[in-house]
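What follows is a single structure, written as structure tokens, with notes after it.
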Amino acid sequence: MESPPDGSSDAPVAVTAAPSTADAQASERSLRAVLQDYLTMAKPEISSVVTLSAFAGFLIGSPAGLDVSVLFWSMLGTALCAGGVGMLNHVLERRYDAQMKRTAQRPLPADRANPDMARRVGILLICLAVGLLGPLVNVLTAVLAALTAVLYLFVYTPLKRTTKWNTLVGTVPGALPALGGYTAATGHLGAGGWVAFGILATWQMPHFLSLAWMYRRDYARGDYAMLPVVEPDGDSTAAQMIGFAALLVPVSILPILTKAAGWIYSTGVLPLGLWFLWTTVVFHGERTGQQARRVLKASVLYIPVLVALLLVDWIL
């Protein structure tokens, strides 16, 4: 057979697929920049609060003394699970994140990271967390960690685009790490664990509703059914923020009744809760982004201060 007129051969030529934009960019970026993107996808700001809540549960479950080894593996497992869940959440919501100003520059919608690789890393982190918690802490805590991941990713995350009640549903996976901290310390479910769960569940509502109010226009662009988007007048948003912040005050006192905390905790947690409640009351009267941000800041401070009170009370 004659060669083609241009002199090229008839032999099949291997065609190499062009790398994706994310892969091409990643190869040109420094390792530090790539790791920073993966750290961002692990949502360290949320993972740290989750880990702190687990520490609170551990303290409530350890009135007589701390097992340092169990505490270490519990916190490590909790942090790894939270990071993995955060990363998979980035993967699941990357198309919606691209539509919102607040999230458009995240690693996946900005095409700085590969979603398949992020998915693998997220699954690996969760599996590693459960694999550590089971043998090194206890099976119950490992089951709670796995349940947290399943509920957050496959129940709460899709509900964010279908119902205004998604935030309320999200309090369950959001509060399970606190219960997990208690089971890590005790090996069983108990009143103290449910108290820790209750504190985190009630705290979450004003925290996330204030955030949803601040970014309600962005959430609308991303097609999220957040309460401030569905009911833009803010009446229900403000009422629920006040209601749950008010409920948090008596719930936060329950560790005293279960003898998991003493007088130092009691003298600090009451004014802390009342201050948090006051910010929601002010928001009800002036529904601005500034007032919502004050509620958010109060909520961000609430958990670390509560944990500090528990710790000081436990030490003294």
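In our numbering, the protein residues as written are -17 to 298.
Backbone N, C-alpha and C fix where the C-beta goes; we use that ideal spot for every residue, glycine too.
Quick caveat, the model's predicted, so the values are computed rather than measured.
Quick one, are the C-beta atoms of arginine 94 and valine 73 less than 8 Å apart? For arginine 94 and valine 73, no; Cβs fall outside 8 Å.
Within the same chain, show all residues whose beta-carbon is closer than 6 Å to that of alanine -7, passing over the 5 residues directly before and after it, in chain order. Bear in mind that a pLDDT of 42 at alanine -7, under 50, signals an unreliable position, so the model cannot answer this.
Leucine 288 by DSSP, collapsed to three states: which one? helix
Is the number of C-beta pairs between the segment 161 to 173 and the segment 208 to 227 that are closer than 8 Å three or more? no
Do valine 137 and valine 121 have their beta-carbon atoms positioned less than 8 Å apart in this structure? No; because the gap between Cβ atoms is not below 8 Å, this pair is not in contact.
Local Cβ density within 10 Å of valine 103, reported as buried at 16 or more and exposed below that: buried
Looking at the unbroken alpha helix (DSSP H) that takes in aspartate 79, where does it start and where does it end? 76 to 79
According to the neighbour-count rule (16 or more other Cβ atoms, all chains shown, within 10 Å of its Cβ), is glutamate 27 buried or exposed? exposed
Would you kindly report the start and end of the unbroken alpha helix (DSSP H) that includes glycine 39? 26 to 42
Inter-residue Cα distance where the pair is proline 286 and glycine 65: 19 Å
According to DSSP, is alanine 86 helix, strand or coil? Looking at alanine 86 - three-state DSSP - the assignment turns out to be coil, as it is neither helix nor strand.
Would you call threonine 270 buried or exposed, if buried means 16 or more other Cβ atoms sit within 10 Å of its Cβ? exposed
Taking leucine 106 as the reference, give the member of Asn71, Cys63 and Tyr134 with the closest Cα. Nearest option by C-alpha distance: Cys63.
Span of the alpha helix (DSSP H) holding glycine 104? 97 to 118
Terminal residues of the continuous alpha helix (DSSP H) containing leucine 209? 209 to 212
For valine -3, which three-state DSSP category applies? Confidence is the limiting factor: at valine -3 the pLDDT is only 41, short of 50, which leaves the residue's position unreliable and the question unanswerable from this model.
I'd like to know if the segment 202 to 212 and the segment 74 to 91 are in contact, where contact means that at least 3 CB-CB pairs between them fall below 8 Å. yes
So, with DSSP's three-state summary, where would you put tyrosine 201? helix
Terminal residues of the continuous alpha helix (DSSP H) containing leucine 230? That run of the alpha helix (DSSP H) goes 217 to 239.
Where do the N-terminal and C-terminal ends of the alpha helix (DSSP H) with histidine 189 fall, by residue? 173 to 196
First and last residue of the alpha helix (DSSP H) that includes valine 137? Note, valine 137: premise wrong, no alpha helix (DSSP H); not H, not E.
Nearest-angstrom Cα distance between arginine 275 and isoleucine 181? 21 Å
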